[in-house]
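Engineer:
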Amino acid sequence: TAVASETGCPVTCVGIDTHPHLAFDVDGSISNQVTTLYIQEMARRGCHGNTSFYLNAAQGDAEVEHTVNAAREVFSLITQALNECTVERLLEADQQEDLFRRLVK
1328 TAVASETGCP
1338 VTCVGIDTHP
1348 HLAFDVDGSI
1358 SNQVTTLYIQ
1368 EMARRGCHGN
1378 TSFYLNAAQG
1388 DAEVEHTVNA
1398 AREVFSLITQ
1408 ALNECTVERL
1418 LEADQQEDLF
1428 RRLVK
């Protein structure tokens, strides 16, 4: 949450300690776009995953520092994109679908 506050990104970390996830406080119409942008840009920086994650002892200081630095860059990018209404334009990946959407199509 410190990096989110530092960058002005409207995101909070919620959930249980062993399985937290990021929740972006944005208009519902662009929520999936922001989530997709986060996943896309974190992957570009070598952090592959989703907005939910498991913490484990295999993540040492170097891995945590790498992830925090990547999050700082991505949160800054998201903040700028929200301010300039350019989130959709920055997307190169297929848009993240709502959880379990594929099961009810």
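By the count of our numbering, the sequence shown reaches residue 1432 at its end, each step adding exactly one.
All residues carry an ideal CB built from backbone N, CA and C; glycine is no exception.
Given the structure is predicted, the values throughout are model-derived calculations rather than measurements.
Once you ignore the five residues that flank Val1353 on each side, which residues in its own chain have a CB closer than 8 Å to its CB?
Structural biologist: Around Val1353: Pro1337, Val1361, Leu1409.
Engineer: For the alpha helix (DSSP H) that contains Leu1349, what are its first and last residues?
Structural biologist: It is not in any alpha helix (DSSP H) - Leu1349 instead sits in the beta strand (DSSP E) that spans 1346-1351.
Engineer: Following the continuous alpha helix (DSSP H) through Thr1394, name the residue where it begins and the one where it ends.
Structural biologist: From DSSP, the alpha helix (DSSP H) with Thr1394 extends over 1388-1411.
Engineer: Starting from the C-beta of Thr1394, find all residues in its chain whose C-beta is less than 7 Å away, skip the five residues before and the five after it, and write them out in chain order.
Structural biologist: Excluding sequence neighbours, Thr1394 sits near Cys1374.
Engineer: Measuring alpha carbon to alpha carbon, tell me which of Phe1402, Glu1415, Arg1416 ends up nearest Ala1329.
Structural biologist: Residue Phe1402 is the option with its Cα nearest to Ala1329.
Engineer: For Ala1331, name the three-state secondary structure that DSSP assigns.
Structural biologist: Of the three classes helix, strand and coil, the one that applies to Ala1331 here is helix, per DSSP.
Engineer: Might you give, ordered along the chain, the residues of its own chain that have their beta carbon closer than 6 Å to the beta carbon of Thr1339, omitting 5 neighbours on each side?
Structural biologist: Only Ala1350 meet the Cβ criterion.
Engineer: Give me the residue from Ser1379, Tyr1365, Ala1331 with the minimum Cα distance to His1346.
Structural biologist: Nearest of Ser1379, Tyr1365, Ala1331 to His1346, Cα basis: Ser1379.
Engineer: Output the boundary residues of the beta strand (DSSP E) element that contains Thr1378.
Structural biologist: No beta strand (DSSP E) contains Thr1378, which DSSP labels as neither H nor E.
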